[in-house]
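Peer 1: Quick one: structure below, then a few questions.
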Amino acid sequence: MAERIANVSGQKVLLIDRRPHIGGNVYDYKDKNGITVQKYGIHAFHTDSKEIWDYLSLFTEWTDYHHQALAETSHGLVNFPVNLNTIDELFESDFAKDFSERLLNKFHEGGKISVADLQNDEDEVLRRGAEILYEELFKNYTMKQWGMSVDEVDPSVIARVPIYLNRQNRYFTDKYQGLPKEGYTAMLNKMLDNPLIEVRLNTDWNDIKDKVRYDKLFFTGSIDAFFNYKYGRLPYRSLRFDIQTLPQEHYQPMAQVNHPNHPTMTRSIEHKYLLDEKSRNTTVSFEYPEAFNGKNERYYPISQKENIDLYTQYLNEAKKYPNIWFFGRLGDYKYYNMDQAVGRALELYSEVFK
Ligand SMILES: Cc1cc2nc3c(=O)[nH]c(=O)nc-3n(C[C@H](O)[C@H](O)[C@H](O)COP(=O)(O)OP(=O)(O)OC[C@H]3O[C@@H](n4cnc5c(N)ncnc54)[C@H](O)[C@@H]3O)c2cc1C
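According to numbering that gives the first Met the number 0, the stretch in the sequence shown is residues 0 to 353, in order.
Next up, the structure:
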C-alpha cells in the first residue's frame with residue numbers, strides 16, 4: 000500500500016511497525032553463516048494471479064523454487080501432502096497396492112478427495128487406509144496447531160485435508176511459484192525505496208496516535224487492539240520459533256519436515272535449501288504452536304463463528320471512521336497467503352485512490 004501511494008499517487012507515507020524490522024511475517028535476514036533465515040517460518044510464494052506475480056516482479060527476480068515437504072511417521076519420512084507416493088511409503092506394499100487401486104477405481108485419477116470423506120466410505124479397505132493416514136499425519140498435528148481436541152476443531156478444517164490422487168510431490172499447484180532471488184526483505188526494501196516513504200520501526204501505533212496528523216490511515220494490526228478491545232479480544236493462535244545453528248551440513252533432506260506425532264513441535268525448517276545456500280553449518284527453526292497470550296505474536300485468526308461475530312462488531316465500529324481502513328491478516332481477521340495479502344492491498348488501493 001505504501002509503495003502504491005508513494006510511487007503511483009505521489010503522496011507522502013509514514014510507515015510504522017512496532018517490530019524492529021520491516022516486512023511483518025515475511026521478513027528474512029542473513030545469519031552469520033550466510034544463510035537467509037525466514038524469521039517467522041517458511042514462506043513459499045505461490046499464486047495463480049498473473050497480476051500479483053507481475054506486480055511483485057517489479058521489485059524482484061525469482062528463483063524457481065517449488066515447495067515440497069515431508070512428514071515424519073512411524074514408517075519414516077513420507078511425502079506430504081498425501082498422494083499416491085505417500086501411500087506407497089507409509090503402508091506395506093500389498094496394502095498400498097490394494098488401497099491405491101481402490102482409490103483410483105472409485106475416484107478420478109489426478110483429482111483429490113478429503114480424508115474425512117474417505118473415513119466414511121462404504122469400502123472397508125478405504126476406511127482403514129484413511130484411518131491410518133489420519134492417525135499418522137493429521138490428527139495430532141491439527142490438535143497441536145489449534146490447541147483443541149479434534150472434536151472442537153471446526154470440522155471443515157479436517158474435511159478440507161486432501162489426499163491427491165497423483166504422484167506429483169509438489170506442495171502447491173499454482174501457476175507461479177518461487178522465492179525472491181535476494182530474499183523477501185530485499186524485495187520489500189526496493190518497494191519502499193522512495194523519499195516520499197518514511198519508515199519508523201519499534202513504533203507502536205498506540206504510542207504515536209495522538210502525535211501524528213494524517214489524511215488517511217491504513218491499519219494492518221489487529222482491529223480489536225485498535226479499538227482498545229471495547230467489545231472483547233479476538234483470539235489467535237501463535238507460534239514459538241526456536242532457531243538453531245547446527246554444526247553439520249544438513250539436518251534433514253529438504254526445507255520442511257512436519258512432525259505430526261511429536262508431543263509439542265509441528266515443523267522443522269532447514270533454511271539453506273530455500274535459496275540453495277552453501278555452508279558447513281546449517282540453520283533450522285523448530286515450530287511450537289501456542290496460544291496468543293498478549294506477549295507473543297498473533298499468527299493465525301481462529302475462524303469460528305463467535306470470533307467472526309466479534310470481528311463483525313469491530314468492522315461495524317470501523318464504518319464510523321471514513322478515513323481509516325483495516326486490511327491484512329490482522330485487520331481483516333482472515334488467514335491470507337502472501338499473494339492474497341498483496342491482492343487485497345492492490346484492490347484497496349484502487350478503491351481508495353480511484
Ligand atoms: C508461520 C507462517 C507461515 C506462513 N507461510 C506462508 C507461505 O508459505 N506462503 C504464503 O503465501 N503465506 C504464508 N504465510 C502468510 C503470510 O505471512 C501473510 O500472508 C503475510 O504476512 C500477511 O501480511 P500482513 O501485512 O497481513 O500481516 P503481517 O505480516 O502480520 O504484518 C502486520 C504487521 O503489523 C505490525 N503491527 C501490528 N500491530 C501494530 C501496532 N499497533 N503498531 C505498529 N505495528 C503493528 C506487526 O508488527 C506486523 O509487522 C505464513 C504465515 C505464518 C504465520
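We put the CB at the ideal spot given by N, CA and C, even for glycine. Nothing here was measured: the structure is a model prediction, and the numbers come from that model.
#1: Within the stretch 249-305, note down every full alpha helix (DSSP H) run reaching 4 residues or more, in order along the chain.
#2: Using the three-state DSSP reduction, which class does S113 fall into: helix, strand or coil?
#3: Taking the C-alpha atoms as reference points, what is the distance between Y28 and F226?
#4: Would a C-beta distance cut-off of 9 Å place S237 and E296 closer than the cut-off?
#5: Is the distance from the Cβ of M190 to the Cβ of F58 below 9 Å?
#6: Have a look at E130 and V7 and give me their C-alpha separation to the nearest angstrom.
#7: Looking only at its chain, what residues have a beta carbon closer than 8 Å to the beta carbon of S48, apart from the 5 residues adjacent to it on each side?
#8: Just the C-alpha distance for S278 and D93, rounded to the nearest angstrom, thanks.
#9: Does the beta-carbon of L238, which I'm using as the reference point, lie nearer than 8 Å to any heavy atom of ligand 1?
#10: Taking the beta strand (DSSP E) that V36 belongs to, which residues open and close that run?
#11: Leaving aside the five residues before and after F218 along the sequence, list all residues of the same chain whose C-beta is less than 6 Å from its C-beta, in chain order.
#12: Taking all protein chains shown into account, decide if K210 is buried (16 or more other Cβ within 10 angstroms of its Cβ) or exposed.
#13: Does the beta-carbon distance from L195 to K11 come in below 9 Å?
#14: For G40, which residues from the same chain have a beta carbon less than 8 Å from its beta carbon, with the 5 sequence-adjacent residues on both sides left out?
Peer 2: Straight from the coordinates:
#1: none
#2: The residue given as residue 113 occupies position 114 in the sequence shown. In the structure shown, S113 sits in a strand (DSSP, three-state: E or B).
#3: For this step, residue 28 is matched to residue 29 along the sequence shown. For this step, residue 226 is matched to residue 227 along the sequence shown. If you draw a straight line from the Cα of Y28 to the Cα of F226, it comes to about 33 Å.
#4: Residue 237 sits at position 238 when you count from the first residue of the sequence shown. Residue 296 sits at position 297 when you count from the first residue of the sequence shown. Yes; because the gap between Cβ atoms is below 9 Å, this pair is in contact.
#5: As a working mapping, residue 190 is identified with position 191 in the sequence shown. As a working mapping, residue 58 is identified with position 59 in the sequence shown. Yes, the pair counts as a contact, with Cβ atoms nearer than the cut-off.
#6: In the sequence shown, counting from the first residue as 1, residue 130 sits at position 131. In the sequence shown, counting from the first residue as 1, residue 7 sits at position 8. Answer to the nearest angstrom: the Cα atoms are 54 Å apart.
#7: Here residue 48 corresponds to residue number 49 of the sequence shown, with the count starting at 1. So the qualifying residues of the chain are Y175, D338, G342.
#8: Residue 278 sits at position 279 when you count from the first residue of the sequence shown. Residue 93 sits at position 94 when you count from the first residue of the sequence shown. Answer to the nearest angstrom: the Cα atoms are 42 Å apart.
#9: Here residue 238 corresponds to residue number 239 of the sequence shown, with the count starting at 1. Yes; taking the cut-off as 8 Å, the Cβ of L238 has a heavy atom of ligand 1 nearer than that.
#10: Sequence index remark: in the sequence shown, residue 36 carries index 37 (1-based). Start and end: 35-37.
#11: Stepping through the sequence shown from its first residue, residue 218 is reached at position 219. Hits under 6 Å: F225, F325, G330.
#12: Position 211 of the sequence shown holds residue 210. It counts as exposed.
#13: Position 196 of the sequence shown, counting from 1, holds the residue named residue 195. Position 12 of the sequence shown, counting from 1, holds the residue named residue 11. Yes, these two residues count as a Cβ contact at 9 Å.
#14: Here residue 40 is taken as the residue at index 41 of the sequence shown, counted from 1. N24, L238, F240, R266, I268, S284, E286.
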